[in-house]
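Heads up: the structure comes next, in structure tokens.
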Ligand SMILES: Cc1cc2nc3c(=O)[nH]c(=O)nc-3n(C[C@H](O)[C@H](O)[C@H](O)COP(=O)(O)O)c2cc1C
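Residue numbers (my numbering): 45 to 419.
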């Protein structure tokens with residue numbers, strides 16, 4: 045894919061300290077494996093908001109996934125359905141809410157940003173509801189856009205605008221250019237017909253979003269949202285026990301412990317490192333999902349052992365999408381499923397449901413472990 049797109053996906057805010065921390069945090073934990081356990085029958089399935097998932101990994105919301113492959117969001121949604129898991133559609137997608145809903149019957153979540161223009165927000169929520177999305181995921185960590193210096197350097201704008209550097213980049217990636225001629229559009233699909241974005245308006249992604257998102261949103265707005273959305277509400281972007289407690293007080297059904305993959309506030313700790321305080325604060329009153337830095341099945345097992353019910357992935361499935369379309373995303377999920385299963389076998393813990401912190405050694409694992417038998 046062209047350099048400006050790769051950088052948009054791979055990069056993060058400022059010095060990308062949090063991007064690196066997310067992945068590093070998993071290696072701060074090692075396993076405490078049990079031997080001579082019957083692991084001949086393994087189960088990596090779970091439930092999330094009452095929905096059965098074949099593996100504890102769901103696809104997170106990513107803006108502009110449709111620039112990585114024509115109809116990218118539709119392809120990723122189909123892949124998630126094939127692997128019996130959830131696809132989350134970003135507000136900032138290329139394919140529309142309705143196009144993705146038509147991808148087939150499957151559980152899908154819609155991720156929302158609250159716009160200054162509340163009518164736009166209301167209409168997005170109503171469209172998601174009418175199209176049968178099963179949960180609303182409100183992202184709360186973008187009151188302003190993270191400073192993504194790679195995008196600034198590359199002049200990344202939507203729709204793509206030719207600069208000498210970009211033209212060179214595109215000439216070196218003619219395969220992508222040709223593939224994208226099959227794309228329905230090269231901009232934010234959900235607004236293509238509204239005044240919020242006219243097709244001729246080439247705007248930097250950062251500039252566009254910081255102009256449109258409502259910076260005055262507070263906890264009080266959750267009540268307003270509840271009035272529009274009767275289904276489960278998920279808050280994405282919580283990194284402290286205090287916020288997690290407030291989320292529970294406001295009755296949210298699930299929390300995504302997330303620093304937006306290090307793309308917003310650089311200097312936030314790794315998601316995995318804040319998980320234990322949030323598990324404690326939430327005390328089972330909401331389901332927890334962790335994202336940021338998941339690259340292997342063993343990472344998912346570690347997050348689950350520390351109390352996350354499931355993990356979300358962003359970049360990993362985008363690379364699958366760019367490399368192989370729907371089959372590429374399916375392959376990413378298959379690899380993760382296989383690695384989770386094999387980690388459980390080697391750990392002597394045949395069922396995901398049995399995992400707890402006694403299987404880990406590290407900053408937050410139990411120092412004293414009871415003996416437990418699983419047979
Ligand atoms: C290219 C890209 C675009 C993203 N766009 C959104 C978005 O529109 N809404 C959102 O809530 N999160 C967005 N995210 C954050 C992801 O949902 C997720 O939190 C993050 O990618 C997880 O980290 P990982 O990429 O290491 O798996 C985006 C991430 C990437 C890489």
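By construction, the Cβ of each residue, glycine as well, lies at the ideal position given by its N, Cα and C atoms.
- Contact annotation, residue 52 with residue 232: C-beta distance approximately 14 Å; criterion of less than 8 Å not satisfied.
- Distances between the C-beta of residue 71 and the heavy atoms of ligand 1 are all 8 Å or more.
- Taken atom to atom, the span from the alpha-carbon of residue 115 to that of residue 137 is near 10 Å.
- The residues 51 and 55, in chain order, have a CB closer than 6 Å to that of residue 194 in the same chain once the five nearest residues on each side in sequence are set aside.
- Between the C-alpha atoms of residue 164 and residue 275 there is a straight-line separation of about 19 Å.
- For residue 398, the shortest separation between its Cβ and any heavy atom of ligand 1 does not lie below 8 Å.
- In the DSSP annotation of this structure, the continuous segment of the beta strand (DSSP E) that includes residue 335 starts and ends at 331-335.
- Only residues of its own chain outside the window of five on either side were considered, and among them 104, 106 and 305 have a CB closer than 6 Å to the CB of residue 358, listed in chain order.
- Distances from the alpha-carbon of residue 299 to those of 320, 310, 277 and 212 put 277 closest.
- At least one heavy atom of ligand 1 sits closer than 8 Å to the Cβ of residue 181.
- Annotation for residue 179: the continuous beta strand (DSSP E) segment containing it runs 179-183.
- Within the chosen limit of 8 Å, ligand 1 does not reach the beta carbon of residue 138 with any heavy atom.
- For residue 135, same chain residues with a beta-carbon under 7 Å away, outside a window of 5 residues either side, are 155, 156, 157, 168 and 234 in chain order.
- Excluding residues up to 5 positions away in sequence, 183, 184, 185, 186, 300, 302, 303, 304 and 308 lie with their Cβ nearer than 8 Å to the Cβ of residue 281 in the same chain.
- Contact between residue 345 and residue 388 holds: CB atoms are separated by about 7 Å, below the 8 Å threshold.
- Remark: the C-beta of residue 90 is outside contact range of ligand 1, defined as less than 8 Å to any heavy atom.
- Taking 8 Å as the upper bound for CB-CB distance, residue 404 and residue 76 are in contact here, some 6 Å apart.
- The criterion of a C-beta distance shorter than 9 Å is not satisfied by residue 144 and residue 123.
- Between the alpha carbons of residue 341 and residue 113 lies a distance of about 25 Å.
- Scanning its chain for C-beta atoms nearer than 6 Å, with the 5 sequence neighbours on each side dropped, one finds around residue 207 the residues 199, in chain order.
- One Cα belongs to residue 49, the other to residue 110, and the distance between them is close to 11 Å.
- Measuring C-alpha to C-alpha distances from residue 394 to each of 80, 57 and 160 identifies 80 as the nearest.
- Here residue 335 is buried, its C-beta having at least 16 other C-beta atoms within 10 Å.
- Approximately 5 Å separates the beta-carbon atoms of residue 92 and residue 354; this is inside 8 Å, confirming the contact.
- Residue pairing from DSSP leaves residue 393 without any beta-bridge partner.
- Relative to ligand 1, the beta carbon of residue 210 is positioned no closer than 8 Å to any heavy atom.
- Taking 8 Å as the cut-off, one finds no heavy atom of ligand 1 near enough to the beta carbon of residue 131.
- Listed as beta-bridge partners of residue 282 by DSSP are 301.
- About 5 Å separates the CB atoms of residue 86 and residue 385; that is less than 8 Å, so the two are in contact.
- Nearest Cα to residue 151 within the set 129, 141 and 172: 129.
- Your pair residue 324 and residue 127 does not check out as a contact, with CB atoms roughly 32 Å apart and the cut at 8 Å.
- For residue 153, the enclosing beta strand (DSSP E) covers residues 152-156.
- Counting the other CB atoms within 10 Å of its CB gives residue 263 a total below 16, which places it among the exposed residues.
- In the same chain as residue 314, and ignoring 5 residues on each side of it, the C-beta atoms closer than 6 Å to its own belong to 65, 66 and 69, in chain order.
- A straight line joining the alpha-carbon of residue 140 with that of residue 285 spans about 35 Å.
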